[in-house]
Amino acid sequence: MSAIARAVADAASVLTERCAGVHCRPPVSHVYHPLRYAGAMHAAYVQRFAATRKRVLFLGMNPGPFGMAQTGVPFGEVAAVRDWLRLSAPIGRPEHEHAKRLVQGLACTRSEVSGRRLWGMFARRFADADAFFAEHYVVNWCPLLFIEAGGRNRTPDQLPGNEREALGAACDDHLRAVVAALAPEVVVGVGKYAAQRAAAALPGLRVATIAHPSPANPAANKGWDALALRELVAQDVWRADTARA
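Whatever position you read off the sequence shown (first residue = 1), add 5 for the numbering used here.
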C-alpha cells in the first residue's frame, strides 16, 4: 500500500473508532457501520484507487441501504463495484440488523440508483476505472447509515442538531485528513449538503457541487447524467472534452 493510500486508510480507521459508539434517538432504530463489517472491501478500494494524489475529490453524504451499506464502497452499487471497479472481498453483517434492510454484500440483487447513476456516468466517460481514478476519488462525508424503525433511511441532515454536530466533528476531521493525503484541487459535493459540509470544513479549498443522483431529487430523474456533466463543465471541474462520451 502506498503512503498516500495508507494515510487515507488510517483516516478511515480513526473515523471508524470515533463513530463506534454513535447511537441515535427514535425514530432511528438501527445504525449501520459499513467501515466495520465491510472493512475488507473498503480497504481494497482504498489500496487500489487511493494510491496517488488526485485532482478532484467527489464527496457524498453517507451510505445508502443498497450501496455502501452492502459493499463498503462509496455509492457502492453492487454491479458497479463488481463489474467496473472489479473489487471483491469478504463482507460481514451489522451486529444489529434491520429485518427490512438485510446486508447481503455482492449477493444483493437490489440496485442503488444513486450509485448506478454516479458510477455509470464515470464508466461512460472513462475507458476504465483506472483512467477515472488517475485524477479522481470518491468518498463519503459520513460513514454511517441511519435506519428508522419502519425501514426508512434517515440522512445525517435529518438528525437532531446535537446528534448531527457531534457526528459532524468526526466526519469533518476525516474529510480534512483525506484532503491532506490526496491534495485535490477541488472537492465536488454530490448534493448540496455534502458541498456545504465541505465548504465549512475546508476553508480556502475550491468546492463545487452537482445535483444529487437520488431518485428523491426530481431534477435527477430528468437526465441526471447530462445535468451533472453540464454542472461539472460550468464549474471548470471537467472540460467538455475531458473524457469520451
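By construction, the Cβ of each residue, glycine as well, lies at the ideal position given by its N, Cα and C atoms.
In this text the structure is predicted, and so the values were computed from the model without any measurement.
With which residues is residue i paired in a DSSP beta bridge?
| i | result |
| --- | --- |
| asparagine 145 | Gly65 |
| arginine 3 | Because the chain is modelled from 6 through 250, residue 3 falls outside the range shown and cannot be assessed. |
| histidine 35 | Ile152 |
| glycine 194 | Leu64, Thr214 |
In this structure, how does DSSP classify residue i when only helix, strand and coil are distinguished?
| i | result |
| --- | --- |
| alanine 94 | coil |
| threonine 150 | First, the residue type needs correcting, since residue 150 is leucine and not threonine in the sequence shown. Here leucine 150 sits in strand by DSSP. |
| threonine 57 | coil |
| arginine 211 | strand |
| histidine 101 | coil |
| cysteine 176 | helix |
| serine 18 | helix |
| lysine 46 | Reading off the sequence, residue 46 comes out as methionine, not lysine. In the structure shown, methionine 46 sits in a helix (DSSP, three-state: H, G or I). |
| threonine 114 | coil |
| tryptophan 229 | helix |
| glutamine 109 | coil |
| phenylalanine 267 | Outside the displayed span of the chain (6 to 250) sits residue 267, for which this structure offers no information. |
| phenylalanine 80 | coil |
| methionine 6 | coil |
| serine 206 | The residue asked about is misnamed: residue 206 is alanine in this sequence, not serine. It is helical. |
| leucine 164 | coil |
| aspartate 241 | coil |
| arginine 181 | helix |
| proline 70 | coil |
| arginine 30 | coil |
| proline 223 | helix |
Excluding the five sequence neighbours on either side, which residues of its own chain have a C-beta within less than 7 Å of the C-beta of residue i, listed in chain order?
| i | result |
| --- | --- |
| histidine 101 | His35 |
| glutamate 153 | Pro32, Val33, Ser34, Arg159 |
| alanine 248 | Confidence at alanine 248 is low in this model, with a pLDDT of 48, below 50, so its placement is unreliable and the value that follows should be read with caution. Here the set comprises Arg130, Phe131. |
| proline 161 | Met66, Asn67, Cys147, Arg169, Leu172 |
| glycine 156 | His103, Lys105, Arg106 |
Given this structure, state the Cα-to-Cα distance separating residue i from residue j, to the nearest angstrom.
| i | j | result |
| --- | --- | --- |
| glycine 196 | proline 95 | 30 Å |
| aspartate 133 | methionine 126 | 12 Å |
| histidine 179 | valine 212 | 17 Å |
| arginine 58 | tyrosine 37 | 30 Å |
| methionine 142 | alanine 43 | Before going further, note that residue 142 is tyrosine rather than methionine in the sequence given. So the two alpha carbons sit approximately 19 Å from each other. |
| alanine 199 | asparagine 167 | 18 Å |
| leucine 187 | alanine 10 | 9 Å |
| alanine 48 | alanine 216 | 28 Å |
| tryptophan 243 | alanine 175 | 30 Å |
| glutamine 75 | arginine 235 | 30 Å |
| glutamine 163 | histidine 28 | 14 Å |
Please return the same chain residues whose Cβ sits closer than 6 Å to the Cβ of residue i, not counting the five positions on each side in sequence.
| i | result |
| --- | --- |
| alanine 204 | Val212 |
| alanine 250 | Only weak support exists for where alanine 250 lies, its pLDDT of 38 falling under 50; the value from the coordinates is given anyway. Here the set comprises nothing. |
| valine 118 | Pro220 |
| alanine 245 | Val238 |
Apart from the five residues just before and just after residue i, which ones in its own chain have a Cβ nearer than 8 Å to its Cβ?
| i | result |
| --- | --- |
| leucine 207 | Leu180, Arg181, Val184, Val192 |
| threonine 21 | His38, Leu40, Arg41, Gly44, Pro148 |
Any beta-carbon of chain D closer than 9 Å to the one on residue i?
| i | result |
| --- | --- |
| valine 183 | The displayed structure is made up of one protein chain only, and chain D is not part of it. |
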